[in-house]
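Participant: Just so we're aligned, residue 29 is where the sequence shown starts under the numbering used here, counting upward by one. Have a look at the structure that comes next, please.
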Amino acid sequence: MSRRGKINLLIIVTISVLVLPIVKARGGSIEADILEGEFLVSFDEVDEEIIAFLEENQFKVVRRMDQINLLLVKAVGEIRAKDCAESLLSNPRARYVEPNIIVRLPTMEFIPVIGASQMMGSPQIESSTPPDDPLWASDPLTGVGQWNMRVIDADEAWRIHVGAHNTVVAILDTGVFSEHQDLDANYEPGGYDWVNVDEDPHDDHGHGSWVAGIIAAETGNGYGVAGLAQVLIMAEKVLDERGVGTLSDVISGLVHSADLGVDVINMSFGTYYYSEALEEAVNYAWGKGCILVASAGNEGTDTPQYPAALEKVLAVASTYGEPDDVRAPGSNHGSWIAVSAPGGWDENGDGSPGNGEHWIISTYNSQDVFAVGFGTSAAAPHVSGLAALYKSLHPNAANSEVEEALFYAADDKGAPGWDEFYGYGRINANNALKYTEISSIGGIGEITTLEGRISTRRFNPFILLSLVLIILLTARRLHKE
């Protein structure tokens, strides 16, 4: 097994243990937990002939994902995994077979959470335009409040735009507590609970609601915390009450939210096991115009974590500190990092927030309750929130153009230019909203313009035409000479 991160969200709940038929799968040097007897199998097309083939070979179809020609199947009876794969691949129309991998949140610890009675006495920050959310300036646990929003100049960005309900962020996580007083006005129904197979993606863990508040807690309502963008959030529950889920549920959440037309998809979880099925789901969502954001992981390694390390996903590393934030020591790094954002850090290493430490405070899955924690799970929703804020201001911007704005507007940290610890830099909300080089009315393309991590940009035919004309004129002049 790969090493797990130390902390991401810290809460006081009792976690029940559910025993699953889990075994190990190995891909290269990486092991992964899988659900025994369950497979993701892709065919050139899913039709009645394929369904009949599966039934004949003792496989039950559990779920169809026809948009990417993928099926979740379960072996009927006791069949060895190797024999299952060989049986499935015996069909000439089969493209690949993968085990149904387990994905999970990093390891967690428990600390107190903040109730409404504690937060109302917090002082207000001295600023020309402070939000009146009580936890903006300070909090009872660390005293620093929402340093994470201040360090990316969120309050300055809100002078330009605070967000609007023309933009939707899908949160693939443990669900969202939609009734929370700091979330309800920005919550959009329509997501799904893939864990319990129903239409109520309620958060029975806490992590998803914590992520949701970073993105879109109500700002300026005199209550709780300030979220980065006043956009709509939608929940796709793909992780259970323990923070554990399956690859099939993640893929279903991706495809479903993309089909609903969301603008941004946040994924604050991961696995070190590469999946072709996951990449195809990501590419499907990208093709639908989605901006995909994922946490890089908290193990301090350069081993790629997925989905963050996939080409069409923004992999987000973590920083901490104010006013000059630096890389969080536990943040993963590598050639696959796109950008960085505030995620916090346990600076004295004692597992609890101390005075002056930089943790992330956000909403939780109980009314009038807020939680603190740190990790790249917190860094990713800052990027999702900023992408949504930019998209709300520029609704015709293509997904590649939104990414470009975040890259160019980031505060460069570490080595000059792109580097493996900060990517293109730590995001800056104010700079991003001032970036206006938008040329499209939607769509995607394949021109790479930034050094470092490959960036996909929209193809601009006018640029190509100009280049062709320059080449032709130059060639003509040289010919005459």
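Ideal Cβ positions, reconstructed from N, Cα and C, are used throughout, including at glycine. These numbers come from a predicted model, not from an experiment.
1) Since P357 and G328 should fall inside the 8 Å C-beta cutoff, what is the C-beta to C-beta distance between them, to a whole number of angstroms?
2) Pick helix, strand or coil for E429, following the three-state DSSP scheme.
3) With C-beta atoms as the reference, is E66 less than 7 Å away from N128?
4) Quick one: what does DSSP say Y334 is sitting in, helix, strand or coil?
5) Give the straight-line distance between the Cα atoms of G281 and A309, rounded to the nearest whole angstrom.
6) So for F511, helix, strand or coil by DSSP?
7) Does DSSP put D183 in a helix, in a strand, or in coil?
8) To the nearest angstrom, report how far apart E137 and W387 are at their CA atoms.
9) Under 7 Å between the Cβ atoms of I455 and A369?
10) Relative to the C-alpha of P381, which residue among L417, A345, Q395 and V400 is closest?
11) Applying the criterion that 16 or more other CB atoms from any shown protein chain within 10 Å of the CB defines a buried residue, is I188 buried or exposed?
12) Would A182 pass as a contact of G173 if the rule is Cβ separation under 7 Å?
13) How long is the line joining the alpha carbons of V69 and D352, rounded to whole angstroms?
14) Could you check what DSSP says for S155 in three-state terms: helix, strand or coil?
15) Suppose only complete runs of 3+ residues qualify. What are the beta strand (DSSP E) ranges in the segment 85-122, listed by chain order?
16) I'd like the span of the beta strand (DSSP E) that includes S3, first residue to last.
17) My output table needs one value for T404: the three-state DSSP class, helix, strand or coil.
18) Determine the contact status of E264 and G219, defining contact as a CB-CB distance below 7 Å.
19) Helix, strand or coil, according to DSSP, for A313 in the structure here?
20) Given 8 Å as the limit, is there contact between the segment 289-307 and the segment 401-414, that is, 3 or more CB pairs closer than that?
21) Please return the same chain residues whose Cβ sits closer than 6 Å to the Cβ of G453, not counting the five positions on each side in sequence.
22) Express the C-alpha separation of K340 and G315 in angstroms, rounding to a whole number.
23) Do you know offhand how far V239's Cα is from E350's?
24) Put F435 into one of helix, strand or coil per three-state DSSP.
25) Would F71 and I78 qualify as a contact pair, given that the criterion is a beta-carbon distance under 7 Å?
26) Quick one: what does DSSP say G379 is sitting in, helix, strand or coil?
27) Going straight from the alpha carbon of V253 to that of A426, what length do you get?
28) Would you report the Cα separation of I242 and A122, rounded to the nearest angstrom?
29) Less than 8 Å between the CB atoms is what I'm expecting for G377 and T347, so what's the real figure, rounded?
30) For I293, list the residues DSSP reports as bridge partners.
31) To the nearest angstrom, how far is the alpha carbon of V266 from that of T274?
32) Rounded to the nearest angstrom, what separates A286 and A313 at their Cα positions?
33) I believe I365 touches E448 by the beta-carbon criterion, under 8 Å. Please report the beta-carbon distance rounded to the nearest angstrom.
34) Taking the continuous alpha helix (DSSP H) assigned at A244, which residues delimit it?
35) Rounded to the nearest angstrom, what separates I491 and P159 at their Cα positions?
36) Would you mind working out which of L200, A80 and N119 sits nearest D277, comparing C-alpha positions?
Facilitator: For this structure:
1) 6 Å
2) helix
3) yes
4) strand
5) 9 Å
6) With the chain covering 29 to 509 only, the question about residue 511 has no answer from this structure.
7) helix
8) Bear in mind that the predicted position of E137 carries a pLDDT of just 45, short of 50, making it unreliable; the figure below should be weighed with that in mind. C-alpha separation (whole angstroms): 14 Å.
9) yes
10) V400
11) I188 is exposed by the Cβ-count criterion.
12) no
13) 48 Å
14) Note that S155 scores 41 on pLDDT, short of 50, meaning its location in the model is unreliable; the coordinates nonetheless yield the value given after this. Of the three classes helix, strand and coil, the one that applies to S155 here is coil, per DSSP.
15) 87-93 and 98-103
16) For the chain, the structure presents residues 29 to 509; residue 3 sits outside this window and is missing.
17) helix
18) One thing to note: E264 has its Cβ within 7 Å of the Cβ of G219.
19) helix
20) yes
21) A438, D439, D440 and K441
22) 10 Å
23) Between V239 and E350, the C-alpha separation is close to 21 Å.
24) The answer is helix: DSSP assigns F435 an H, G or I state.
25) yes
26) coil
27) One C-alpha to the other measures close to 30 Å.
28) So the two alpha carbons sit approximately 42 Å from each other.
29) The pair is not a contact, with the Cβ atoms about 18 Å apart (cut-off 8 Å).
30) A198 and L320
31) 7 Å
32) 5 Å
33) Rounded, the Cβ-Cβ distance is 6 Å, consistent with contact.
34) H235 to A244
35) Model confidence at I491 stands at a pLDDT of 36, short of 50, so the residue's coordinates are unreliable and nothing is read from them.
36) L200
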